[in-house]
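Since the structure comes first, as structure tokens, the remarks are kept for the end.
2 protein chains.
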Amino acid sequence: MPVNLTPPLAGDLHPVAGVSLGIASAGIKKTGRKDLTLMLLAPGSRVAGTFTQNRFCAAPVVVAKRHLASDTPRALIINTGNANAGTGVEGLNDAEHICRALASWLPCTETEILPFSTGVIMEPLPVDKIVAALPAAIADCKADNWLAAAHAIMTTDIVAKAVSRRIELDGKTVTITGIAKGSGMIHPNMATLLGFIATDAAISLPLLQQLIRHAADESFNCITVDGDTSTNDSFLLIATGVAGNAEIDTQNKEYSLLAAAVVDVARELAQAIIRDGEGATKFIRIQVEGGADRDECRKIAYAIAHSPLVKTAFFASDPNLGRILAAIGYSGVPDLDVQTLQLYLDDVLVAENGGRAANYQEADGQRVMQQQEITVRVVLGRGTADATIWTCDFSYDYVKINAEYRS
Amino acid sequence: MPVNLTPPLAGDLHPVAGVSLGIASAGIKKTGRKDLTLMLLAPGSRVAGTFTQNRFCAAPVVVAKRHLASDTPRALIINTGNANAGTGVEGLNDAEHICRALASWLPCTETEILPFSTGVIMEPLPVDKIVAALPAAIADCKADNWLAAAHAIMTTDIVAKAVSRRIELDGKTVTITGIAKGSGMIHPNMATLLGFIATDAAISLPLLQQLIRHAADESFNCITVDGDTSTNDSFLLIATGVAGNAEIDTQNKEYSLLAAAVVDVARELAQAIIRDGEGATKFIRIQVEGGADRDECRKIAYAIAHSPLVKTAFFASDPNLGRILAAIGYSGVPDLDVQTLQLYLDDVLVAENGGRAANYQEADGQRVMQQQEITVRVVLGRGTADATIWTCDFSYDYVKINAEYRS
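Chains as they are written, first to last, in the working numbering: chain B, 42 to 448; chain Y, 42 to 448.
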């Protein structure tokens, strides 16, 4: 069950002026549940995107990147149940076919549409089913459909992920609302499986592109469930410019306010993905401080976060913390001096001087391990850099979910 | 249950002239089973070792490396149940204390003894229990004790691992016998948790050192259970020189014969560790061919072998093979062209041209996935290098074993 993750309420999600969303059932999922989401953007909207670094990147990612580079998006079309990844030339044709079909219904061209897919890899996309459901998705479009969209993009997610914030920019109220999905195959490298954040703020495209990289680095690029980088990771940041604030085109105070709110939304969505990680029973924050640079802090944090032995010990609430030392030791920081580092579990000093801390008591470790939320803190004593990532434990249910995924 | 792994029979294990082994119960393990192994070497024996690259390398590893560098070993003392790792200065003192105590009973000095430990990390070594059991281990020493030693070094292993070969070198019969343990925290980087191979062949120390690196690269450095590199990995190769062959001191025909036999023993031990991997139900060979260099082939092979999604699909016998494409895609080979590669499952061509192969049928993938032994073959089409590694699947029992390890 998800860890301290409350389902979002429709009333908490503020519509974003200039964005409307329509949902439909294309019948990709056997259960007949909603699996198609359309997002329409007001003219003049600006869109920035970051995408997976996986070399087997999915067909819709290739097409979305191409369209984003050549045109200004007016619509996003998202299906779940099939990733259209590992599908070769046919997959590219399928993604383009859907954009073309949608353009025939909308006042825009094919290249103003960005396609997204998530689900099983290496299965042909059921194009006809999707095309047939487009009119229903268009007919359903409305501004207050964020919660339905958050549900319609889910795969193995248990809880929908949607976050909303409001801030003031030069006397105008600006809204930032985002949705994301993801539960397994989560170790984003630039973005997560699917994340969409929209604001009605006015901001120039170069600054929007700068902001998405910053927001990704502070959120989706800091999480891992299983170390598997997906073929379909995509994170989009949309600014419709309808709010009426003066367009942000330098890194001024308004940029900082907006950036803080976007990071806040992105981080809450990214953490929600971990709280709802496949089989998760614990939410674990791994904080590495005192490093020579951020890279080595992240290396150590990810070594801990990816260790199946560490993750199963968290699942069992077993303070078998030597496994964390072992992971630090093999993280690949070549000149690491284990004598100078300290390991804390929440406020409990567990290890220092290359071994167990003198005052460490197993009962103290046990107490923290039984919590649902745990901070692992590693103090390196090599410099001033730090990094934080978020992960979950590894349970029977992770194996069950992934062994039975297609059955 | 172990995958196609027959327990060794005492009669199949040839004694090695110049090596005797003694076993005892020191009471480190609660169950009272044998947990202490002594190996005595004839004067003039040569010993080469390779050890873990983990920065939190265990105290006995530090001491064994130091003694090996300064002296010629006459005895090895190995305990299970406690790794003496993450134990700081106290751990080093403990390892040296045991060498000193043993030296007082044997006709050799403290620095002629190599200590080894395996078991829980970050717990103080029960030195007094070990020292008290030394006389019993010495009294038990005999040449045909290899099977008992293979049992006494086990931790979560289900089946003991011991392999023996005989070859002719200049008209003399030469024996090579080895034992190993390991089941979890297996992703060796230079060696595996504990592996000891002895021969009575005469070979110079420089060539013995060359041979151990070669043998490790072809065996223990090609396996992974969970991607966790242990703090205690140690692989020792012993040559007593008692067989009477002319000492091998160049890379001649006799060197090649001996090397082939040592690699054969090391590889069978390494594969036995995978067949007995924690929770394993499948034995999987991952073969990457046509690479620009061996490194990129290994990167791709390990990305597949470490993916929890791939491993759970194997457990479920589910040909959800897009997960293998995803792992290849994120393996970190930056200029990889997914259009030119081919993926085979045994003899079944699964993917090519960036997607599913035209003639691939799910039923064919299903047939192979149901086997207990499976070969994943990736043909890159970039060059002539290749690499093979061995791994196992990821089951409920892996989680169970590691969640309950200390209880």
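In this text, a Cβ means the ideal position worked out from N, Cα and C, and glycines have one as well.
Computed from a prediction, not measured in an experiment: that's the story for all the values here.
On a Cα-Cα basis, can you pick out the residue from the options that is closest to residue i?
{"i": "A280(Y)", "options": "T78(Y), D76(Y), A89(Y), H55(Y)", "result": "A89(Y)"}
{"i": "R115(Y)", "options": "D135(Y), T150(Y), Y385(Y), K441(Y)", "result": "T150(Y)"}
{"i": "P43(B)", "options": "P49(B), L62(B), V200(B)", "result": "V200(B)"}
{"i": "D290(Y)", "options": "D169(Y), L252(Y), E414(Y), T416(Y)", "result": "L252(Y)"}
{"i": "Y437(B)", "options": "Q94(B), A354(B), G363(B), A124(B)", "result": "A354(B)"}
{"i": "P247(B)", "options": "K213(B), W431(B), V374(B), E288(B)", "result": "E288(B)"}
{"i": "G363(Y)", "options": "A444(Y), D388(Y), L249(Y), G406(Y)", "result": "G406(Y)"}
{"i": "L82(B)", "options": "A58(B), R141(B), P165(B)", "result": "A58(B)"}
{"i": "K441(Y)", "options": "E319(Y), L188(Y), P375(Y)", "result": "E319(Y)"}
{"i": "I227(Y)", "options": "L298(B), L350(B), W431(B)", "result": "L350(B)"}
{"i": "V103(B)", "options": "S275(B), I171(B), L390(B), I430(B)", "result": "S275(B)"}
{"i": "I244(Y)", "options": "R87(Y), L79(Y), P360(Y)", "result": "R87(Y)"}
{"i": "L77(Y)", "options": "G85(Y), K106(Y), A190(Y)", "result": "A190(Y)"}
{"i": "I194(B)", "options": "A126(B), L79(B), S260(B), A284(B)", "result": "L79(B)"}
{"i": "G373(B)", "options": "R107(Y), R339(Y), V389(Y), T93(Y)", "result": "T93(Y)"}
{"i": "I345(Y)", "options": "A368(Y), F324(Y), I325(Y)", "result": "A368(Y)"}
{"i": "D359(B)", "options": "V161(Y), P56(Y), A99(Y)", "result": "V161(Y)"}
{"i": "W308(B)", "options": "A284(B), E259(B), K70(B)", "result": "Sequence inspection shows Arg at residue 308(B); the Trp mentioned does not correspond to that position. Nearest of A284(B), E259(B), K70(B) to R308(B), Cα basis: E259(B)."}
{"i": "F356(B)", "options": "A173(B), I325(B), A342(B), L366(B)", "result": "I325(B)"}
{"i": "G225(B)", "options": "I64(B), A428(B), A67(B), L235(B)", "result": "L235(B)"}
Going by other Cβ atoms of all chains shown within 10 Å of its Cβ, with 16 needed for buried, is residue i buried or exposed?
{"i": "T322(Y)", "result": "buried"}
{"i": "Q292(Y)", "result": "exposed"}
{"i": "K352(B)", "result": "buried"}
{"i": "Y439(Y)", "result": "buried"}
{"i": "E414(Y)", "result": "exposed"}
{"i": "N400(B)", "result": "exposed"}
{"i": "V52(Y)", "result": "Here residue 52(Y) is Gly; the residue named in the question, Val, does not match the sequence. G52(Y) is exposed by the Cβ-count criterion."}
{"i": "G212(B)", "result": "exposed"}
{"i": "T47(Y)", "result": "exposed"}
{"i": "A232(Y)", "result": "Its pLDDT being 45, under 50, A232(Y) is placed unreliably by the model, and the measurement read from it follows with that caveat. Result: buried."}
{"i": "R397(B)", "result": "buried"}
{"i": "G73(B)", "result": "exposed"}
{"i": "T432(Y)", "result": "buried"}
{"i": "N361(Y)", "result": "buried"}
{"i": "G282(B)", "result": "buried"}
{"i": "Q312(B)", "result": "buried"}
{"i": "N45(B)", "result": "exposed"}
{"i": "D336(B)", "result": "exposed"}
{"i": "L386(B)", "result": "buried"}
{"i": "S61(B)", "result": "buried"}
{"i": "R207(B)", "result": "exposed"}
Since residue i sits in a beta bridge, which residues does DSSP pair it with?
{"i": "I171(B)", "result": "For I171(B), which the question treats as bridged, DSSP gives no partner whatsoever."}
{"i": "M163(B)", "result": "For M163(B), which the question treats as bridged, DSSP gives no partner whatsoever."}
{"i": "I220(B)", "result": "A203(B), F237(B)"}
{"i": "W431(Y)", "result": "I264(Y), R326(Y)"}
{"i": "L22(B)", "result": "Not covered by the structure: residue 22(B). The range shown for chain B is 42 to 448."}
{"i": "V215(Y)", "result": "I208(Y)"}
{"i": "Y385(B)", "result": "L390(B), R418(B)"}
{"i": "A89(B)", "result": "L278(B)"}
{"i": "R308(Y)", "result": "BP columns for R308(Y) are empty, so no partner."}
Requested in this report: Give, in chain order, every residue of the segment 122-139 of chain B whose Cβ lies closer than 8 Å to some Cβ of chain Y.
Outcome: Cβ contacts with chain Y: A124, A126, G127, T128, G129, V130, E131, G132.
Query raised in the report: So does the segment 150-166 of chain Y actually touch the segment 106-123 of chain Y, counting three or more Cβ pairs closer than 8 Å?
Result: yes
Report task. Evaluate contact between the segment 176-193 of chain Y and the segment 126-133 of chain Y, counting only Cβ atoms and requiring at least three cross-stretch pairs below 8 Å. Result -> no
**Report entry** the segment 99-114 of chain B in contact with the segment 372-389 of chain Y per 3-pair CB rule at 8 Å
**Finding:** no
**Report entry** Under 8 Å (Cβ pairs) to chain Y, residues found in the segment 324-354 of chain B
**Finding:** H347, S348, P349, L350, T353, A354
Report task. Could you list the residues in the segment 255-273 of chain B with a C-beta less than 8 Å from some C-beta on chain Y, going in chain order? Result -> D267, G268, D269, T270, S271, T272
Query - Any 3 or more C-beta pairs closer than 8 Å across the segment 408-428 of chain Y and the segment 317-334 of chain Y - result: yes
Query raised in the report: For the segment 144-171 of chain B, which residues have a CB atom closer than 7 Å to at least one CB atom of chain Y, in sequence order?
Result: V161, I162, M163
Report task. Report yes or no: do three or more beta-carbon pairs, one from the segment 299-319 of chain B and one from the segment 257-274 of chain B, lie closer than 8 Å? Result -> yes
Query raised in the report: Between the segment 273-296 of chain Y and chain B, which residues of the former have a C-beta closer than 7 Å to a C-beta of the latter?
Result: none
Query raised in the report: What residues in the segment 392-425 of chain B bring their beta carbon closer than 7 Å to a beta carbon of chain Y?
Result: A392, N394, G395, G396, R397
Query raised in the report: Touch check for the segment 178-195 of chain B and the segment 294-311 of chain B: three-plus C-beta pairs under 8 Å?
Result: With the cut-off at 8 Å, the segment 178-195 of chain B and the segment 294-311 of chain B do not touch.
Query raised in the report: Residues in the segment 50-75 of chain B with C-beta within 9 Å of chain Y's C-beta atoms, listed in sequence order?
Result: For the segment 50-75 of chain B, which is checked against every Cβ of chain Y, not one residue is closer than 9 Å.
Report task. Report the residues of the segment 179-194 of chain B with a CB closer than 8 Å to any CB of chain Y, ordered along the chain. Result -> none
Requested in this report: Using a Cβ-Cβ cut-off of less than 8 Å, list which residues of the segment 96-115 of chain B approach chain Y; keep chain order.
Outcome: R96, F97, C98
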